[in-house]
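Enquirer:
In the numbering used here, the protein residues as written are 41 to 278.
#1: Tell me which same chain residues have a C-beta within less than 7 angstroms of the C-beta of residue 99, skipping the five on either side of it?
#2: Under 8 angstroms Cβ to Cβ from residue 203, same chain only, skipping five residues before and after it: list those, please.
#3: Below 8 angstroms between beta carbons: does that hold for residue 238 and residue 266?
#4: Does DSSP put residue 264 in a helix, a strand or coil?
#5: Tell me where the alpha helix (DSSP H) around residue 136 begins and ends.
#6: Under 8 angstroms Cβ to Cβ from residue 263, same chain only, skipping five residues before and after it: list those, please.
#7: Buried or exposed: which applies to residue 261, given that a residue is buried once 16 or more other Cβ atoms fall within 10 Å of its Cβ?
#8: Can you check which of these residues, 110, 187 and 175, is closest to residue 141 by C-alpha distance?
#9: Please report the Cβ distance between residue 243 and residue 270, rounded to the nearest whole angstrom; I am assuming they are in contact, meaning their Cβ atoms lie under 8 angstroms.
#10: Could you check what DSSP says for residue 86 in three-state terms: helix, strand or coil?
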């Protein structure tokens, strides 16, 4: 028997609002169109890969030529189509109702790096952007993952003391220069990362410049190990 709330507010597809039987799910059409990353993927960034033989530590071309100061990276979706729309709605349109299903997919993608005792650390946003958007989407995703896994989340362990230029118009090298030293351990709360396994959480991985700056900050704070987990990964040609 359905609860009164379920009768009044039936479950809907989180992308197109079609009525469905499960909470926080997708209808059949949107599930088929959602570019989930399954199978082989780059060990460092989570990008999908095709290889003739099953290997444990595949690396994409980008991760073979770009320094990645973290151990492992996982992503739930390719940043295209329905996934891109979902990410942008969370980030820019106050669609925090999309965070729970996104977190479920991220937990599935990151199950081998979400070790017991790991601490979730969202990528920090400069305070002016938080005021403008009213929330940090990375923090919302990290908190939702924490609720699903029971892991500790440290939303203020890292800080972004200066506002950086927008990354979108910049080339690869300029992106890394723009973010160099832009993320730092919090003067007091950063100490909570010492000796810990850290999983950095963000919505999208593009060049990896933001994650690199955050990972270096975690290591500077004494983190024993750093991995990354994103909702989506950009892929050339997607």
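Note that beta-carbon positions come from the ideal geometry of N, C-alpha and C, so glycine has one too.
Expert: On the basis of the coordinates in this document:
#1: 82, 83 and 84
#2: 166, 168 and 169
#3: yes
#4: In this structure, residue 264 counts as coil in the three-state DSSP scheme.
#5: For residue 136, no alpha helix (DSSP H) segment is defined, and its DSSP state is neither H nor E.
#6: For residue 263, where only same-chain residues beyond five positions count, the Cβ hits under 8 angstroms are 233, 234, 235, 236, 237 and 238.
#7: buried
#8: 187
#9: 7 angstroms
#10: coil
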